[in-house]
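Chemist: Below you will find the structure I want to go over with you.
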Amino acid sequence: MADEQEIMCKLESIKEIRNKTLQMEKIKARLKAEFEALESEERHLKEYKQEMDLLLQEKMAHVEELRLIHADINVMENTIKQSENDLNKLLESTRRLHEEYKPLKEHVDALRMTLGLQRLPDLCEEEEKLSLDYFEKQKAEWQTEPQEPPIPESLAAAAAAAQQLQVARKQDTRQTATFRQQPPPMKVRRRNVLGFLFCHWNVFMFRKRSVF
Numbered sequence: 001m002a003d004e005q006e007i008m009c010k011l012e013s014i015k016e017i018r019n020k021t022l023q024m025e026k027i028k029a030r031l032k033a034e035f036e037a038l039e040s041e042e043r044h045l046k047e048y049k050q051e052m053d054l055l056l057q058e059k060m061a062h063v064e065e066l067r068l069i070h071a072d073i074n075v076m077e078n079t080i081k082q083s084e085n086d087l088n089k090l091l092e093s094t095r096r097l098h099e100e101y102k103p104l105k106e107h108v109d110a111l112r113m114t115l116g117l118q119r120l121p122d123l124c125e126e127e128e129k130l131s132l133d134y135f136e137k138q139k140a141e142w143q144t145e146p147q148e149p150p151i152p153e154s155l156a157a158a159a160a161a162a163q164q165l166q167v168a169r170k171q172d173t174r175q176t177a178t179f180r181q182q183p184p185p186m187k188v189r190r191r192n193v194l195g196f197l198f199c200h201w202n203v204f205m206f207r208k209r210s211v212f
């Protein structure tokens with residue numbers, strides 16, 4: 001009888017071992033699936049962060065473009081002011097020459113009439129561009145300044161957010177990865193603007209020396 005009870009106990013133990021082993025295998029399979037999902041999600045998270053870094057770099061590049069555009073605008077505004085001052089000086093000089101020319105022409109025409117000769121043609125009759133009214137009209141066009149369109153609120157907000165983000169990323173000493181920012185295309189345009197201003201100034205100075 002004791003042997004039968006011992007055998008029954010062993011059978012119960014074997015049954016329990018079998019059930020527990022099956023339960024362990026199920027948990028092991030689930031654990032393996034969870035680890036695979038974890039590794040997959042880690043890879044996805046890494047890709048997401050890389051994409052986010054690229055987007056942040058692109059945003060900062062646009063902020064740099066905006067900064068360069070505003071710098072070019074300031075350069076052009078200063079250049080326009082200087083050019084307007086030079087044009088006003090030339091206009092005053094032209095007005096004085098007209099004032100000197102008019103009495104001389106009247107005196108010469110009077111002398112020619114005493115000799116029965118026709119009067120000389122006026123400057124505006126010789127060429128329209130030599131008349132004072134023409135320069136006054138041109139001055140009104142020179143002083144018409146183009147209005148700078150306002151920056152859209154969404155673009156301004158994005159630029160401000162990108163600048164704050166750049167400051168925060170510089171303060172984070174735990175970041176080890178560094179990214180190489182490509183030079184924005186506006187740098188090429190800025191060099192073209194400066195080259196244009198230099199060529200324009202040389203042409204203006206050459207004409208100025210030719211006049212005087």
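At position 121 of the sequence shown (counting the first as 1) the number is 121 in full-length UniProt numbering, and the numbers step up by one without a gap.
Cβ atoms here follow ideal geometry from the backbone N, Cα and C, with glycine treated the same way.
1) Report the three-state DSSP secondary structure of Arg-119 (helix, strand or coil).
2) Does any CB atom of chain B fall closer than 9 Å to the CB of Lys-102?
3) Using the Cα positions of Ile-69 and His-44, report the straight-line distance between them to the nearest angstrom.
4) Roughly how many angstroms lie between the CA atoms of Leu-87 and Asp-133, to the nearest whole one?
5) In whole angstroms, give me the CA-to-CA distance for Asp-3 and Lys-10.
6) Measuring only the C-alpha atoms, how far is Met-76 from Leu-123?
7) When we look at the beta-carbon of Gln-182 and count the other beta-carbons within 10 Å, is it buried (16 or more) or exposed?
8) Identify which residue in Tyr-48, Leu-91 and Leu-120 has its Cα closest to the Cα of Lys-137.
9) State buried or exposed for Val-63, treating a residue as buried only when at least 16 other CB atoms are found within 10 Å of its CB.
10) Measure the alpha-carbon distance for Lys-59 versus Gln-50 and round it to whole angstroms.
Modeler: According to the structure shown:
1) coil
2) In the structure shown, chain B cannot be found, because there is only a single protein chain.
3) 37 Å
4) 15 Å
5) 11 Å
6) 35 Å
7) Confidence is the limiting factor: at Gln-182 the pLDDT is only 46, short of 50, which leaves the residue's position unreliable and the question unanswerable from this model.
8) Leu-91
9) buried
10) 14 Å
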